[in-house]
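Number of protein chains: 2
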Amino acid sequence: MKSDRSAGKVTLADVGRVANVSAITVSRALRKPEMVSPKLRQRIEEVVAELGYVPDPVARALASDRTDVIGVLIPSVTNSVFADVLRGIYSVVEGSPFSVQFGNTRYSVLEEERLLRIFLSQRPAGLIVSGIDQSEASTALLTQARCPVVQIMETGPAPVDMMVGFSHRDAAHDATRHLIDGGYRRIAFFGARMDPRTQRRLEGYTQAVKDAGLFDESLMITTPRASTVELGCQMLSDLLARTQDVEAIFCNNDDLALGVLFECQRRRIAVPDDIGLCGFNDLEMMAVANPPITSVRTFRQEMGRRAAEMVLMRVAGEEVPEPVVDLRYELMARQSTRACEEGRRRRVP
Amino acid sequence: MKSDRSAGKVTLADVGRVANVSAITVSRALRKPEMVSPKLRQRIEEVVAELGYVPDPVARALASDRTDVIGVLIPSVTNSVFADVLRGIYSVVEGSPFSVQFGNTRYSVLEEERLLRIFLSQRPAGLIVSGIDQSEASTALLTQARCPVVQIMETGPAPVDMMVGFSHRDAAHDATRHLIDGGYRRIAFFGARMDPRTQRRLEGYTQAVKDAGLFDESLMITTPRASTVELGCQMLSDLLARTQDVEAIFCNNDDLALGVLFECQRRRIAVPDDIGLCGFNDLEMMAVANPPITSVRTFRQEMGRRAAEMVLMRVAGEEVPEPVVDLRYELMARQSTRACEEGRRRRVP
DNA sequence: CATCCAAATGTTAGCGCTGTCATTTGTCAA
DNA sequence: TTGACAAATGACAGCGCTAACATTTGGATG
Chain Z
1 MKSDRSAGKV
11 TLADVGRVAN
21 VSAITVSRAL
31 RKPEMVSPKL
41 RQRIEEVVAE
51 LGYVPDPVAR
61 ALASDRTDVI
71 GVLIPSVTNS
81 VFADVLRGIY
91 SVVEGSPFSV
101 QFGNTRYSVL
111 EEERLLRIFL
121 SQRPAGLIVS
131 GIDQSEASTA
141 LLTQARCPVV
151 QIMETGPAPV
161 DMMVGFSHRD
171 AAHDATRHLI
181 DGGYRRIAFF
191 GARMDPRTQR
201 RLEGYTQAVK
211 DAGLFDESLM
221 ITTPRASTVE
231 LGCQMLSDLL
241 ARTQDVEAIF
251 CNNDDLALGV
261 LFECQRRRIA
271 VPDDIGLCGF
281 NDLEMMAVAN
291 PPITSVRTFR
301 QEMGRRAAEM
311 VLMRVAGEEV
321 PEPVVDLRYE
331 LMARQSTRAC
341 EEGRRRRVP
Chain E
1 MKSDRSAGKV
11 TLADVGRVAN
21 VSAITVSRAL
31 RKPEMVSPKL
41 RQRIEEVVAE
51 LGYVPDPVAR
61 ALASDRTDVI
71 GVLIPSVTNS
81 VFADVLRGIY
91 SVVEGSPFSV
101 QFGNTRYSVL
111 EEERLLRIFL
121 SQRPAGLIVS
131 GIDQSEASTA
141 LLTQARCPVV
151 QIMETGPAPV
161 DMMVGFSHRD
171 AAHDATRHLI
181 DGGYRRIAFF
191 GARMDPRTQR
201 RLEGYTQAVK
211 DAGLFDESLM
221 ITTPRASTVE
231 LGCQMLSDLL
241 ARTQDVEAIF
251 CNNDDLALGV
261 LFECQRRRIA
271 VPDDIGLCGF
281 NDLEMMAVAN
291 PPITSVRTFR
301 QEMGRRAAEM
311 VLMRVAGEEV
321 PEPVVDLRYE
331 LMARQSTRAC
341 EEGRRRRVP
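Protein chains in written order, with the UniProt record's numbering: chain Z, 1 to 349; chain E, 1 to 349.
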């Protein structure tokens, strides 16, 4: 039956037979070339090319008890924020013998736990997980994991292993301060999804307005729904139906901000003069909207890249010099908050 | 050394030992319950739960010569179009014992070929690939693949196996017709990336304007760069620098269209009266822009869903009743092309 | 009660690779 | 030349599981 199952499949033994060496020598020639004499190595490489041998990752995984797969857990596939992170991860992993397998937790802690169990049962080379709000069980799983683990998207006090992110709280605080400093007083907060990171942005906002004596609960609108541009329109409509006394809006992400802008245009509300507007993430379109929208730039691709690099370093046995990285953020002040000159950037030190 | 390598790992044999049956019976109880007597099955399930046994997919793959992984090849991770497709795939696969592994071809036919080889060496349960423009070698690999294959994103004459998509040519043709029917004469085309699908959209546009005797090469602007909102702004600026004689613009995707809208707003060009505007894909924001932008709705999530369903059916041994599916498209006529009533939809039959 | 047959369970032999140890070969100093 | 030792290569077992075949069990049947 062999001919049937592995039709055409070339194995290590096949290569060894042709090259007149044992299978294990071929294995070594490919994995640890320095252990095989140069002459033999060359002959083996020739035979490999001739026969078109391709290593079987499955067999390798079973025999060596580890895979070349880096598991990535993100809460959403469609959210462009995570798409950027993924791109960063890919940019690093693509040049390596490793591959990426990712799971979609859909913002559910339980789903995350389930996926974590599945991923761990596959002996990943490394694990990249989003956020710092895992369930207790998940944290335990991660702590016991016999592979490097990187938590991304935010920073926090107790990393399971390594960490790359920034403080959403600080970022939101600074953005709110920017509005306050710009002379706005009645500053609203629009929040969608309200996952842990959004919550912390809300905290930053709250702190800033409270410190300035500007806190007003009626200016906060949040929803568990996912953020969309349309939701931004709706939230503005809702707010204006309640009160006309609004001077600025801090949106917990750029989709909402764009929706607010469109709705303002429709209602002939001048941005930034009637209402100031600030988003979060600094998606590409923010800079070219009309007017350009102030936003908090976050380094999403770099986050992915750094996380992947950390995993690869550790897998290679090297020590990671900086296992907890705070990537900070950058307030991109633009016309929508009366900051006309695009050049006026304040990278948080 | 066993204690070291498989520390804490519970195997089928362990379960069998406790339940007083052979390993293979446990295996069957889990995979083909109907082959095991109800009494025994229950005892086995109890022991499985008690011991916390988790099947090892790697060992299973090696023994059975197949994995539970569905490989997905897409050209971009960040393009929201593919993010939607992925979401569709996930929605189906999540409820099954299968998992998804995806590869990013970055619009490169060679990279696609390379990834295909890697994926195939892992004995995938199925393969979903984007587009119909594979290299000859890739087509050969796919044809020989011993698993179901679905080509997605577009339809074409010679499916390798199964296919879910729509005609980009027809979609673009209809959108252009819509502009012509709306009374626009000088109709420009803005195209970014210019991958095969974009090329076919350009063909549809060209055909439509030629048929109406409105073809003018100087109204076509294309670039190999990836599409962004900013690029839309630039393209409009470029075009207007050359000629003021433009009545409408068909953008090969919504990012560009949004950029054009912003640039029009800045230049005080009235949409739709000075310039008509039509996008492609109908991203969520199109409907709430100011004014709402006409676009060609494509069924991206459904495409992913259908493709995944097809794979699962075939893996289950069922026959797929309709192996080539044309999902069509829907012209969402909105204010940006003088079509005020949102209700005026024309689903292409 | 022997016979037959399907259903239920077990035995055996790998899947392709690598870890571990054993053996061979080559090199150099004494 | 000899021994000592490192470098190079090989033999073997086994990772955890399942396909294929073998055997047992439990009824139904005449």
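Glycine residues also receive a C-beta, built at the ideal position from the N, C-alpha and C atoms.
The ligand MG heavy atom lying under 7 Å from the CB of residue i
{"i": "Val150 of chain Z", "result": "What this structure holds is no ligand at all, so the ligand MG is not there to describe."}
Cutoff 8 Å: residue i Cβ touching any chain E Cβ
{"i": "Met332 of chain Z", "result": "no"}
{"i": "Cys147 of chain Z", "result": "no"}
{"i": "Ser218 of chain Z", "result": "no"}
{"i": "Asp282 of chain Z", "result": "no"}
{"i": "Ser80 of chain Z", "result": "yes"}
{"i": "Glu230 of chain Z", "result": "yes"}
{"i": "Gly343 of chain Z", "result": "Its pLDDT being 36, under 50, Gly343 of chain Z is placed unreliably in this model, and the value from its coordinates should be taken loosely. No, Gly343 of chain Z does not count as interfacial toward chain E."}
{"i": "Leu312 of chain Z", "result": "no"}
{"i": "Met235 of chain Z", "result": "no"}
{"i": "Gly259 of chain Z", "result": "yes"}
{"i": "Tyr90 of chain Z", "result": "yes"}
{"i": "Ala287 of chain Z", "result": "yes"}
CB contact below 8 Å: residue i versus chain Z
{"i": "Glu50 of chain E", "result": "no"}
{"i": "Leu86 of chain E", "result": "yes"}
{"i": "Glu318 of chain E", "result": "no"}
{"i": "Asn104 of chain E", "result": "yes"}
{"i": "Ser121 of chain E", "result": "yes"}
{"i": "Lys2 of chain E", "result": "Unreliable positioning characterises Lys2 of chain E in this predicted model, as indicated by a pLDDT of 35, which lies under 50. A coordinate reading is not provided."}
{"i": "Ile24 of chain E", "result": "no"}
{"i": "Arg186 of chain E", "result": "no"}
{"i": "Leu116 of chain E", "result": "no"}
{"i": "Arg297 of chain E", "result": "no"}
{"i": "Ala270 of chain E", "result": "no"}
{"i": "Leu62 of chain E", "result": "yes"}
Nearest to residue i (by Cα), restricted to the options the options
{"i": "Thr228 of chain Z", "options": "Z:Arg268, Z:Gly259, Z:Glu34", "result": "Z:Gly259"}
{"i": "Arg43 of chain E", "options": "E:Ala63, E:Ile24, E:Gly16, E:Leu62", "result": "E:Gly16"}
{"i": "Gln122 of chain E", "options": "E:Met163, E:Ser64, E:Thr143", "result": "E:Ser64"}
{"i": "Ile221 of chain E", "options": "E:Leu327, E:Ser237, E:Arg306", "result": "E:Ser237"}
{"i": "Ser99 of chain E", "options": "E:Arg225, E:Lys210, E:Pro57", "result": "E:Pro57"}
{"i": "Gly126 of chain Z", "options": "Z:Ser135, Z:Leu110, Z:Thr143, Z:Glu136", "result": "Z:Thr143"}
{"i": "Pro272 of chain E", "options": "E:Leu110, E:Arg338, E:Pro33", "result": "E:Arg338"}
{"i": "Asp111 of chain E", "options": "Z:Thr176, Z:Lys39, Z:Gly95", "result": "Going by the sequence as given, residue 111 of chain E is Glu instead of Asp. Considering only alpha carbons, the answer is Z:Gly95."}
{"i": "Leu141 of chain Z", "options": "Z:Arg41, Z:Val296, Z:Leu115, Z:Asp282", "result": "Z:Leu115"}
{"i": "Val48 of chain E", "options": "E:Val21, E:Pro148, E:Arg314", "result": "E:Val21"}
{"i": "Thr176 of chain E", "options": "E:Pro224, E:Glu154, E:Glu247", "result": "E:Glu247"}
Per DSSP, cross-strand counterpart(s) of residue i
{"i": "Phe102 of chain Z", "result": "Z:Val72"}
{"i": "Ile249 of chain E", "result": "E:Ala188, E:Leu277"}
{"i": "Val149 of chain Z", "result": "Z:Leu127"}
{"i": "Val325 of chain Z", "result": "Z:Val164"}
{"i": "Met220 of chain E", "result": "E:Phe189"}
Beta-carbon gap between residue i and residue j smaller than 8 Å
{"i": "Gln301 of chain Z", "j": "Arg169 of chain Z", "result": "no"}
{"i": "Cys233 of chain Z", "j": "Ala257 of chain Z", "result": "no"}
{"i": "Phe190 of chain E", "j": "Leu202 of chain E", "result": "no"}
{"i": "Pro196 of chain Z", "j": "Asp254 of chain Z", "result": "no"}
{"i": "Met70 of chain E", "j": "Val311 of chain E", "result": "Note that residue 70 of chain E is Ile in the sequence shown, not Met. Contact: yes."}
{"i": "Ile118 of chain Z", "j": "Val150 of chain Z", "result": "no"}
{"i": "Phe166 of chain Z", "j": "Arg328 of chain Z", "result": "yes"}
{"i": "Ser80 of chain E", "j": "Thr298 of chain Z", "result": "no"}
{"i": "Ala29 of chain E", "j": "Val18 of chain E", "result": "no"}
Neighbourhood of residue i by C-beta distance below 8 Å, restricted to the same chain and skipping five residues each side
{"i": "residue 354 of chain Z", "result": "Not covered by the structure: residue 354 of chain Z. The range shown for chain Z is 1 to 349."}
{"i": "Val10 of chain Z", "result": "Leu51, Gly52, Tyr53, Val54"}
{"i": "Asp14 of chain E", "result": "Leu51, Tyr53"}
{"i": "Arg106 of chain Z", "result": "Pro75, Ser76"}
Cβ shell of residue i (< 6 Å), same chain only, five flanking positions each side left out
{"i": "Pro292 of chain Z", "result": "Arg334, Gln335"}
{"i": "Asp4 of chain Z", "result": "A caution first: Asp4 of chain Z carries a pLDDT of 43, below 50, which makes its placement in the model unreliable, though a value can still be read off. Cβ neighbours of Asp4 of chain Z beyond the five flanking positions: none."}
{"i": "Met235 of chain Z", "result": "Phe190, Ile221"}
{"i": "His173 of chain E", "result": "Gly204, Gln207, Ala208"}
{"i": "Gly103 of chain Z", "result": "Leu73, Leu115"}
Sequence-distant residues of the same chain with beta carbon closer than 7 Å to residue i, five excluded per side
{"i": "Ala226 of chain E", "result": "Ala192, Arg193"}
{"i": "Arg41 of chain E", "result": "Ala29, Pro33"}
{"i": "Ser91 of chain Z", "result": "Arg305"}
{"i": "Val320 of chain Z", "result": "Met162, Met310, Met313, Arg314"}
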